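> The opening position of the sequence shown corresponds to residue 1 in full-length UniProt numbering, with each subsequent residue numbered one higher. Glycine included, every Cβ here is placed at the ideal spot set by N, Cα and C. Since this is a predicted model, take the numbers as computed values, not measurements.
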Amino acid sequence: MITIRQRKVGKSTETAEDQPSEEKNVKPDEKILSDHTGGKLWNILSITVGGIVAISLGLLTSVYVATLHENDLWFSNIKEVEREISFRTECGLYYSYYKQMIQAATIQQGLHGLVYDNKTESVRTINILERMNVYQEVFLSILYRILPIQQYLEPVYFYIYTLFGLQAVYVIALYVTSWLLSGTWLSGLLAACWYITNRVDTTRVEFTIPLRENWALPFFAVQIGAITYLLRTHLQPIQERLTLIAVFIATFLFSLTWQFNQFMMLIQALALFILDCFDMLPTAKVTWLYIIQISGLMLVCVLQFFNSMILGSLLLSFNASVLIARAIQKNLKKGSLLNRLGKLILHVLLVLCLTLLINKFIKKILNLESDEHIFKFLKAKFGFGATRDFDANLYLCEEAFGLLPLNTFSRLSDTLLFYVYIFVLFLMTVAAVIVAFQNLSGSNQAQFMEKVEECTITLKPDAAYNLIHTVLFGCLALSTMRMKYLWTSHMCVFASFGLCSTEVWKPILKGIHLYTSQRAHVIKYSVPMITLLYISYKFWPGIMDELSELREFYDPDTVELMNWIKSNTPNTAVFAGSMQLLAGVKLCTGRTLTNHPHYEDKNLRERTKQIYQIYAKRSPEDVYRILRSFGTDYVILEDSICYERRHSRGCRLRDLLDIANGHVMDGLGENEPDLKPSLYPRFCEEIKKNLPSYSTHFTRVFQNKTFHVYKLAKHK
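(1) Grouping DSSP H, G and I as helix and E and B as strand, with all else coil, what is residue 100?
(2) Thinking residue 177 and residue 228 are a contact (beta carbons under 8 Å), I'd like their distance in whole angstroms, please.
(3) According to DSSP, is residue 635 helix, strand or coil?
(4) Would you identify the three-state DSSP class for residue 455, choosing helix, strand or coil?
(5) Which first and last residues belong to the beta strand (DSSP E) in which residue 574 is found?
(6) My output table needs one value for residue 134: the three-state DSSP class, helix, strand or coil.
(7) So, residue 292 versus residue 247, is the Cβ gap smaller than 7 Å?
(8) For residue 18, does the three-state DSSP call read helix, strand or coil?
(9) For residue 53, name the three-state secondary structure that DSSP assigns.
(10) Using the three-state DSSP reduction, which class does residue 421 fall into: helix, strand or coil?
(11) Which value, in whole angstroms, describes the spacing of the CA atoms of residue 169 and residue 534?
(12) Between which two residues does the alpha helix (DSSP H) holding residue 654 run?
(13) Measure the alpha-carbon distance for residue 87 versus residue 436 and round it to whole angstroms.
(14) Kindly say whether residue 112, judged by its beta-carbon, lies nearer than 7 Å to any beta-carbon of chain D.
(15) Below 8 Å on the Cβ atoms is my contact criterion, and I expect residue 712 with residue 605 to pass it. Report the Cβ-Cβ distance as a whole number of Å.
(16) For residue 380, collect the residues of the same chain with a Cβ closer than 8 Å to its Cβ; drop the 5 residues on either side in sequence, then sort them by chain order.
(17) DSSP on residue 680, reduced to helix/strand/coil?
(18) Within the continuous alpha helix (DSSP H) that includes residue 169, where are the two ends?
(19) Output the boundary residues of the beta strand (DSSP E) element that contains residue 515.
(20) Please confirm whether residue 97 and residue 137 have their CB atoms less than 7 Å apart.
(21) Apart from the five residues on each side of it in sequence, which residues of its chain come closer than 8 Å, Cβ to Cβ, to residue 18?
(22) Mind checking whether residue 90 and residue 597 have CB atoms under 7 Å apart?
(23) How long is the line joining the alpha carbons of residue 119 and residue 362, rounded to whole angstroms?
(24) Cα-Cα, which of 630, 648, 582 and 669 is closest to residue 636?
(25) Quick check: the Cα distance between residue 39 and residue 587, rounded to an integer number of angstroms?
(26) Near residue 750, which residues of its chain fall below 6 Å by C-beta distance, leaving aside the five closest residues on each side in sequence?
(27) Give the secondary structure of residue 232 by DSSP, where H, G and I count as helix, E and B as strand, and everything else as coil.
(28) Leaving out five residues before and five after residue 117 in sequence, what residues of the same chain have Cβ atoms less than 8 Å from its Cβ?
(29) With DSSP as the reference, please indicate the residues paired to residue 712 in a beta bridge.
(30) If you draw a straight line from the C-alpha of residue 600 to the C-alpha of residue 401, how long is it?
(31) Using DSSP's beta-bridge definition, name the partner residues of residue 279.
(32) So if DSSP puts residue 126 in a beta bridge, which residue, or which two residues, is it bridged to?
(33) Do residue 202 and residue 488 have their C-beta atoms closer together than 7 Å?
(34) Does the beta-carbon of residue 616 have 16 or more other beta-carbons within 10 angstroms, so that it is buried, or is it exposed?
(35) Looking only at C-alpha atoms, which of 559, 714 and 590 sits nearest to residue 621?
(36) Going straight from the alpha carbon of residue 299 to that of residue 540, what length do you get?
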């Protein structure tokens, strides 16, 4: 309602200035009452239509991605084992806990099996609820058990339809955020259409359904929308309190569903910090947002049995440091330009030092090392020295953790999204710089104030927050491709807001001396409509073709392997192999694993490196000893890893192991001077020759074109 009322006030003001009233015979009181009644009815009609469009687009998006998923795999026709195999890598691991809860005799037994789990990591009992963000699987499994839907809907469909349903929430949140920023639901329509037509770069939910980000990002979008509303001026106290509650709930759900929540919210906290330093946001609201982040994350920490990665997070240290530094420097926003700049520099240094000290202290006291692999990766990625660390190189060599490919921008440009985004970003950045300078200088010069006043109109607090948000998450996406989905979805919101905003068009028209309120409103509505027509004309046929294209899941080698494991190995058997494959083994067969893809644990990372010696140049005795130390009964070797060609030399898994072990890599090319030739051939190749030194410890029990399974001898 507030959005629409502000538009109404703007219109009436512009009418008063630019269109002097010609109705001389109407009494002023009657005219005001008539205008108020007509405006109120128009607001109600606009909100109703806009809301219907938002819900419709959200539901259509859900149906769209669900149809793509069905068409790509023929999911309704394939066997259960094939459906489960389609949940690749860590997706299969997360879904396995949903399946485990569904199959448990009671909810209590299911929860006990998660809290005292001894099948995810052999010879070790771990708390799944503490280690992983799987409360959503727990909640969904309980909901499925208590609802009377078992006869009508299979568990897997209840699961995937929930995820596809969350896409509706995601699109509606993007739509509403753009609507709040621009004041017109046409902006939300454009944002939703851009999100759909740029699907390749805005989401991957249709082929990585259980991935944590597909649970978390809809709640993150809701949180951004709630923050956008919170930062509007002239909110009533009840509106502000309700919005703060909405921000807290969205922050909590986002934090609960994704293990990387703390890093995303740290970037968000940095955005708030920057804007607060330049006096572009109300300090009281920024403080509330810091407190909400801390309280939401701490509540998740309690639910995850005081997860060490959360306790040692930089977000908690940073937010605490900001609040402490602000208490120390009480007169931060007073004084001349140079005086304030000096205080600001000291404030930033104080916050930085406090953050590092508090974080170091917490990690030292609690002996936390859960996230050290992330900082090793960042250090190597940004050129602070080469590393031979296996974990860091494992990330560095994955395309998903590399720089954002340039072809991303060409795809985004095809829909005009990138061009519009850059246009709006440039204008808003110029406005932000002018406003920041004015806030710091406190200049009273009349001419400068007039210029700044125009910029201030285009950079209200909600717009300022979304500007810094998109800049920081853009930097994250450019540096790490996997994180682009956080940026590209917000790019749709930001670009559509700018295209439908009077505050963007007004200074442009004034700059070329063509401004009138009528002309600004015509452009505000006509340009987005022309853009929508262009998108519809160019991409509608492609979407229809995509929806009509039918494929089928086909992975006979993996299906054969899973069926063999279920039929020919005991339920208590322990399997070793690659992280990605073992997640599928757990889901499809329920067998015990030595390692898995959820990498946020130091002991697991060390264990995985040891298990992966099956692809290194090690003696059969060493490999056997390592595998048996983890209780391994069977080891699965994959030709796609042993003879890998997907990565270039130096990034193949076997190369990473050779470097970590101090051995020369295979193939033509340079090696570090201190690397030495190994005394032994590569284990995964040599074992296939069935030599006595290998057959003493390993017996091949299964083989197809992709996989080789060996049973370990049980020597005394």
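Quick answer:
(1) Locating residue 100 in the sequence shown gives position 100, counting from the first residue. It is helical.
(2) The residue labelled residue 177 in the question sits at position 177 within the sequence shown. The residue labelled residue 228 in the question sits at position 228 within the sequence shown. Rounded, the Cβ-Cβ distance is 5 Å, consistent with contact.
(3) By one-based count along the sequence shown, residue 635 stands at place 635. If DSSP states are grouped into helix, strand and coil, residue 635 belongs with the strands.
(4) As a position in the sequence shown, residue 455 is number 455, starting the count at 1. Bear in mind that a pLDDT of 43 at residue 455, under 50, signals an unreliable position, so the model cannot answer this.
(5) Mapped onto the sequence shown, residue 574 falls at position 574. That run of the beta strand (DSSP E) goes 574-576.
(6) One-based indexing of the sequence shown puts residue 134 at position 134. In the structure shown, residue 134 sits in coil (DSSP, three-state: anything other than H, G, I, E or B).
(7) Position 292 of the sequence shown, counted from the first residue, corresponds to residue 292. Position 247 of the sequence shown, counted from the first residue, corresponds to residue 247. Yes, these two residues count as a Cβ contact at 7 Å.
(8) For the purposes of this step, residue 18 is taken as residue 18 along the sequence shown, with counting starting at 1. Because the pLDDT at residue 18 is just 40, under 50, the model does not fix this residue reliably, and the point stays unresolved.
(9) Position 53 of the sequence shown, counted from the first residue, corresponds to residue 53. DSSP places residue 53 in helix when its eight states are reduced to three.
(10) As a position in the sequence shown, residue 421 is number 421, starting the count at 1. Helix, per DSSP.
(11) Taking the sequence shown and counting its residues from 1, the one referred to as residue 169 is at position 169. Taking the sequence shown and counting its residues from 1, the one referred to as residue 534 is at position 534. Cα to Cα, the separation comes out at about 26 Å.
(12) Within the sequence shown, the letter at position 654 stands for residue 654. Looking at the DSSP string, the run of the alpha helix (DSSP H) that includes residue 654 is 653-661.
(13) Sequence index remark: in the sequence shown, residue 87 carries index 87 (1-based). Sequence index remark: in the sequence shown, residue 436 carries index 436 (1-based). So the alpha carbons of these two residues sit roughly 48 Å apart.
(14) Of the protein chains in the structure, only one exists, and it is not chain D.
(15) Counted from its first residue, the sequence shown places residue 712 at position 712. Counted from its first residue, the sequence shown places residue 605 at position 605. About 23 Å; that fails the 8 Å criterion.
(16) For the purposes of this step, residue 380 is taken as residue 380 along the sequence shown, with counting starting at 1. Counting only Cβ-Cβ distances below 8 Å, and skipping sequence neighbours, we find 386, 387, 389, 392, 393 and 396.
(17) Start at 1 with the first residue of the sequence shown, and residue 680 comes out as number 680. Coil, per DSSP.
(18) Taking the first residue of the sequence shown as 1, we reach residue 169 at position 169. Its alpha helix (DSSP H) spans residues 155-182.
(19) In the sequence shown, counting from the first residue as 1, residue 515 sits at position 515. Where residue 515 is concerned, there is no enclosing beta strand (DSSP E), given that its DSSP letter is neither H nor E.
(20) Residue mapping note: residue 97 aligns to position 97 of the sequence shown, counting from 1. Residue mapping note: residue 137 aligns to position 137 of the sequence shown, counting from 1. Yes, the pair counts as a contact, with Cβ atoms nearer than the cut-off.
(21) Here residue 18 refers to the residue found at position 18 of the sequence shown. Reliability of the predicted coordinates at residue 18 is poor, the pLDDT of 40 falling under 50, and the value obtained from them is presented with this limitation in mind. So the list reads 516, 517 and 518, once near-sequence residues are dropped.
(22) If you number the sequence shown from 1, residue 90 lands on position 90. If you number the sequence shown from 1, residue 597 lands on position 597. Contact: yes.
(23) Reading the sequence shown from its first residue, position 119 is the one you call residue 119. Reading the sequence shown from its first residue, position 362 is the one you call residue 362. Cα to Cα, residue 119 sits roughly 31 Å from residue 362.
(24) Indexing the sequence shown from 1 puts residue 636 at position 636. Residue 636 has its Cα closest to that of 582, out of 630, 648, 582 and 669.
(25) On the sequence shown, position 39 is the one that residue 39 refers to. On the sequence shown, position 587 is the one that residue 587 refers to. Whole-angstrom Cα-Cα distance: 58 Å.
(26) The question about residue 750 has no answer here: the residues shown for the chain are numbered 1 through 716.
(27) Counted from its first residue, the sequence shown places residue 232 at position 232. Three-state DSSP puts residue 232 in coil, outside helix and strand.
(28) Position 117 of the sequence shown holds residue 117. So the list reads 125, 126, 127 and 128, once near-sequence residues are dropped.
(29) The sequence position of residue 712 within the sequence shown is 712, counting from 1. Residue 712 pairs with 698.
(30) Looking up residue 600 in the sequence shown gives position 600. Looking up residue 401 in the sequence shown gives position 401. Whole-angstrom Cα-Cα distance: 16 Å.
(31) Indexing the sequence shown from 1 puts residue 279 at position 279. Answer is none; residue 279 lacks a bridge partner.
(32) Counted from its first residue, the sequence shown places residue 126 at position 126. 117, per the DSSP bridge assignment.
(33) Here the question's residue 202 lines up with position 202 in the sequence shown. Here the question's residue 488 lines up with position 488 in the sequence shown. Yes, the Cβ-Cβ distance between residue 202 and residue 488 is below 7 Å.
(34) As a first step, residue 616 is located in the sequence shown; it is residue number 616 there, counting from the start. Looking at its Cβ environment, which holds 16 or more other Cβ atoms inside 10 Å, residue 616 is buried.
(35) Here residue 621 refers to the residue found at position 621 when the sequence shown is read from its first residue. Of the candidates 559, 714 and 590, the one whose C-alpha sits nearest the C-alpha of residue 621 is 714.
(36) Here residue 299 is taken as the residue at index 299 of the sequence shown, counted from 1. Here residue 540 is taken as the residue at index 540 of the sequence shown, counted from 1. Answer to the nearest angstrom: the Cα atoms are 45 Å apart.
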